[in-house]
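Okay, structure first, notes after.
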Amino acid sequence: MHQRIIRWSTYVVIVLFMANISPVIDSFLHPDIPYFDPEHLLVGGITASITALLLSLLVSHANRMATVAQELSQLNRTLREQTSRDSLTSLYNHRYFQEMLRHEFLLAQRHQTELSCMMLDLDLFKDVNDTCGHPFGDLVLKGTAEQILREARTTDTVARYGGEEFAILLPNTDLEGATRIAERIRTRAEEYIHQDKDVSMRVTISIGLASHHAHTPKNPEELLFFADRALYQAKKAGRNKVVAYSDRVKTELP
148 MHQRIIRWST
158 YVVIVLFMAN
168 ISPVIDSFLH
178 PDIPYFDPEH
188 LLVGGITASI
198 TALLLSLLVS
208 HANRMATVAQ
218 ELSQLNRTLR
228 EQTSRDSLTS
238 LYNHRYFQEM
248 LRHEFLLAQR
258 HQTELSCMML
268 DLDLFKDVND
278 TCGHPFGDLV
288 LKGTAEQILR
298 EARTTDTVAR
308 YGGEEFAILL
318 PNTDLEGATR
328 IAERIRTRAE
338 EYIHQDKDVS
348 MRVTISIGLA
358 SHHAHTPKNP
368 EELLFFADRA
378 LYQAKKAGRN
388 KVVAYSDRVK
398 TELP
């Protein structure tokens with residue numbers, strides 16, 4: 148409403164200005180012609196009307212173009228958001244996680260900041276599907292995603308990496324900080340009961356960790372590889388554990 152008043156006030160000012168241009172010019176060039184000569188006022192009025200009409204059309208067209216541009220921008224953001232999300236859990240998908248991994252790794256290198264990576268995997272998930280069916284398995288995946296998000300921060304990138312595997316990027320977080328978050332996620336998953344009608348079950352989670360400063364990966368792929376190797380060791384050590392990558396982990400892997 149306020150913008151509309153300003154717009155119409157501007158039109159009125161322009162019309163009054165244009166209506167007076169012709170009489171003023173004529174009065175200056177021809178002093179013998181009175182300012183309020185009807186012919187001059189008519190010419191000024193016609194000029195002002197045409198100018199106001201053209202200006203109105205121009206502004207209207209510009210407003211429509213701005214609206215279209217805004218709608219297209221919003222549509223592009225919506226489409227990007229949809230293509231970067233996992234349809235089941237609404238977490239980010241594998242492709243988006245890979246993009247963010249490269250982006251965050253380059254930032255950490257450039258600014259000499261910390262970056263930790265967390266790989267998470269549901270324990271014995273195949274048994275869940277075999278025993279309770281895939282619909283209940285989907286419920287477990289969604290419930291686990293919700294529990295992870297409760298402990299993740301807004302600056303973290305949480306993704307469903309594939310199947311029953313999840314991944315988290317934790318910028319500006321060292322190994323100690325990432326371990327605390329991982330333990331909270333592990334505990335929350337251990338205590339959470341997935342339930343659908345008469346079927347209920349607890350499903351634990353194993354977590355592997357790696358960080359930029361603690362493990363000095365050469366590239367983003369190696370950071371993810373270290374976290375994945377640590378996850379493997381967590382599974383091998385009995386599941387439902389948080390394990391950070393180390394040389395010992397490396398030597399014990401096949």
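Counting the sequence shown from 1 gives a position; this note's numbering is that position plus 147.
Ideal placement from N, C-alpha and C gives every residue a C-beta, glycine not left out.
Quick caveat, the model's predicted, so the values are computed rather than measured.
Residue i vs residue j beta-carbon contact at 8 Å
i    : j    : result
A361 : A374 : no
Y239 : R232 : yes
A102 : Y392 : Any question about residue 102 goes unanswered here, given that the chain covers just 148 to 401.
D333 : I354 : One detail in the question is off: residue 333 reads as Arg in this sequence, not Asp. Yes. Within cutoff.
H341 : L262 : no
R349 : E337 : yes
G290 : H241 : no
Sequence-distant residues of its chain with Cβ nearer than 6 Å to residue i (five each side left out)
i    : result
F252 : P367
D303 : I315, L317
V390 : G355, A377, Q380, A381
A292 : T236, L238
N276 : G284
F272 : E311
Y339 : Q294
F244 : A306, A314
Neighbour-count burial assignment, residue i, 16 or more Cβ in a 10 Å radius
i    : result
T278 : exposed
T363 : exposed
G284 : buried
S207 : exposed
G280 : exposed
L322 : buried
L286 : buried
L205 : exposed
L403 : Absent from the model: residue 403. The displayed extent of the chain is 148 to 401, so no value can be given.
L370 : buried
Own chain partners of residue i with C-beta closer than 8 Å, once the 5 adjacent residues on each side are dropped
i    : result
L288 : L235, T236, L269, R307, E311
P282 : D343
Cβ neighbours of residue i in the same chain (closer than 7 Å, five flanking residues each side left out)
i    : result
M247 : T304, L316
Q259 : none
R335 : Q294, R297, E298
T230 : none
A325 : S263, M265, L317, L356, S358
T351 : D270, A336, E337, R386, N387
T301 : none
For residue i, the residue or residues it bridges with in DSSP
i    : result
Q342 : S347
P318 : L262
T391 : The sequence shown places Ala at residue 391, rather than the Thr named in the question. According to DSSP, which records beta bridges pairwise, A391 is partnered with L356.
F313 : L267, R307
Y379 : In the DSSP output, where bridge partners are listed per residue, Y379 has none listed.
R242 : None, per the DSSP bridge assignment.
R232 : Y239
8 Å Cβ cutoff, residue i in contact with chain B
i    : result
Y243 : Although the question refers to chain B, the structure presented lacks it and comprises just one protein chain.
*How about the region 367-387 and the region 283-302: do they share at least three Cβ pairs that are nearer than 8 Å?*
no
*Touch check for the region 342-351 and the region 312-323: three-plus C-beta pairs under 8 Å?*
no
*Is the number of C-beta pairs between the region 258-274 and the region 205-214 that are closer than 8 Å three or more?*
no
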